[in-house]
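In the working numbering, the protein residues as written are 3 to 213. Ideal placement from N, C-alpha and C gives every residue a C-beta, glycine not left out. Please read all numbers here as calculations on a predicted model, not as lab measurements. The structure under discussion appears below in the form of structure tokens.
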Ligand SMILES: [Mg+2]
């Protein structure tokens, strides 16, 4: 195996507090449970053959179009059309940076390891998520699904990342809180670390770097 040259990190749920906590906080404000959002998105996917969230994350639809489609889906489930224009903003208000993982990125950089951010994200949210952490200080490059037109766990976005940084898969650790994204990375030969909590993820990254 090659030596590890780079740590590639996810953003939401790794460098931030858990997304589910943020969704639950939004639920308290709008009265729509996270699972109802999931159900609406699944039903829209079955009907239209495309998940609106995935389309948004691949930059193929705008946030406004996403909100319109999601409101359609929720209307069928709730029996009324919810006002969801503020959801994205509420979600960000409920998310906080995760200092333990941000420090890990700083520590590995100090040790000479390169770092990149690989995020499924939304064009219109760029200013909001970037304001949560010093992106340019922490990462030499950002691969954002909404700007490259594909999303994790599509193998193409991992290949694009490797191409951009000029490394082989086994030279890279990849951290993500979604197991499906880790499985896809492992299949390509990256060294996946499935983030469940900060101490566990930090320990696994340090163990891989000590190999
Ligand atoms: Mg995530």
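Any non-hydrogen atom of ligand 2 within 6 Å of residue 194 CB: Ligand 2 is not part of this structure, which contains only ligand 1.
Buried or exposed (CB count within 10 angstroms, at least 16 for buried), residue 83: exposed
Beta strand (DSSP E) segments (min. 3 residues) lying fully within the region 115 to 172: 116 to 121 and 143 to 146
Cross-strand partners of residue 11 (DSSP beta bridge): 119 and 177
Beta-ladder partner(s) of residue 38, from DSSP: In DSSP, residue 38 forms no bridge with anything.
Ligand 1 heavy atom lying under 6 Å from the CB of residue 90: no
Inter-residue Cα distance where the pair is residue 139 and residue 49: 43 Å
Any heavy atom of ligand 1 within less than 5 Å of residue CB: hits in chain order: 12, 14, 15 and 179
Start-to-end residues for the beta strand (DSSP E) that takes in residue 195: 193 to 196
Closest by C-alpha distance to residue 215, when choosing among 173, 187 and 179: Nothing can be reported for residue 215, as the shown portion of the chain is limited to 3 through 213.
Helix, strand or coil at residue 64 [DSSP, three-state]: coil
7 Å Cβ cutoff, residue 22 in contact with chain C: Of the protein chains in the structure, only one exists, and it is not chain C.
Alpha-carbon spacing of residue 153 relative to residue 213, whole angstroms: 30 Å
Nearest-angstrom Cα separation, counted from residue 41 out to residue 11: 28 Å
Close beta carbons around residue 127, own chain, < 7 Å, minus the five adjacent residues each side: 90
Beta-carbon separation (whole angstroms), residue 61 vs residue 148, contact threshold 8 Å: 4 Å
Cutoff 7 Å; reference residue 77; Cβ partners in own chain excluding five residues on either side: 83
Contact set for residue 125: own chain, Cβ-Cβ below 6 Å, skip 5 residues either direction: 61 and 148
Sufficient close CB pairs (3 or more, under 8 Å) joining the region 199 to 213 to the region 173 to 181: yes
Among 163, 44 and 200, nearest to residue 118 - alpha-carbon criterion: 163
Neighbourhood of residue 137 by C-beta distance below 8 Å, restricted to the same chain and skipping five residues each side: 119 and 144
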